[in-house]
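Take a look at the structure below.
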Amino acid sequence: MCKYTKAIEKLINIIESKYNFKVIKYCFDLPENIVGRIDYQKQLIMLNEPIAKEALMTLCHEFGHLISYIKYSDREQPPKPERERWAYLYGWEIICRYNLKNLISKQDWREHHKDEIKEIREYYN
2 MCKYTKAIEK LINIIESKYN FKVIKYCFDL PENIVGRIDY QKQLIMLNEP
52 IAKEALMTLC HEFGHLISYI KYSDREQPPK PERERWAYLY GWEIICRYNL
102 KNLISKQDWR EHHKDEIKEI REYYN
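Printed below as a string of structure tokens:
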């Protein structure tokens, strides 16, 4: 089994057992330009990314959304750039916490989020 696949399975196990969210690795119902999405009502994370390394980064990003949702569930839903900022920050924290930096470098993480980073910068400036 590929090291990325092992990491994905590890995170899925954590998400499903600790947070009671189901993860669908290949959700073909997503639009083709969407590689991941979280549905809080259905307690579901959906992925649609065939490249293992990219799928791992997408899963970390969606896991970041889940963590921020849990931490800030008592607040009104913030604007999209702020939600993406939290997913970016908590996603990186997940990478560090579960020792995945040997698979995903900080540069990989930034590159994976270049569009979100641009949107976040524009929102806060």
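In case it helps, this note's numbering puts the sequence shown at residues 2 to 126.
Glycine included, every Cβ here is placed at the ideal spot set by N, Cα and C.
- With a 10 Å radius around the Cβ and a threshold of 16 neighbouring Cβ atoms, C61 comes out buried.
- The residues C28, L31 and V36, in chain order, have a CB closer than 6 Å to that of N49 in the same chain once the five nearest residues on each side in sequence are set aside.
- Per DSSP, R76 lies in no alpha helix (DSSP H) and is assigned neither H nor E.
- Y99 is positioned such that its CB atom lies no closer than 8 Å to that of K54.
- Residues of the same chain with their beta carbon placed closer than 7 Å to that of D116 are lacking, with the five preceding and five following residues left out of the count.
- Note that the stretch 102 to 109 does not touch the stretch 71 to 91; fewer than 3 beta-carbon pairs, one per stretch, sit closer than 8 Å.
- When DSSP states are grouped into helix, strand and coil, N49 belongs to the strand group.
- Sequence-distant Cβ neighbours of I13 in its own chain, meaning closer than 8 Å and more than five residues away, are V24, K26 and L60.
- Residue pairing for V24: DSSP places it in a beta bridge opposite I46.
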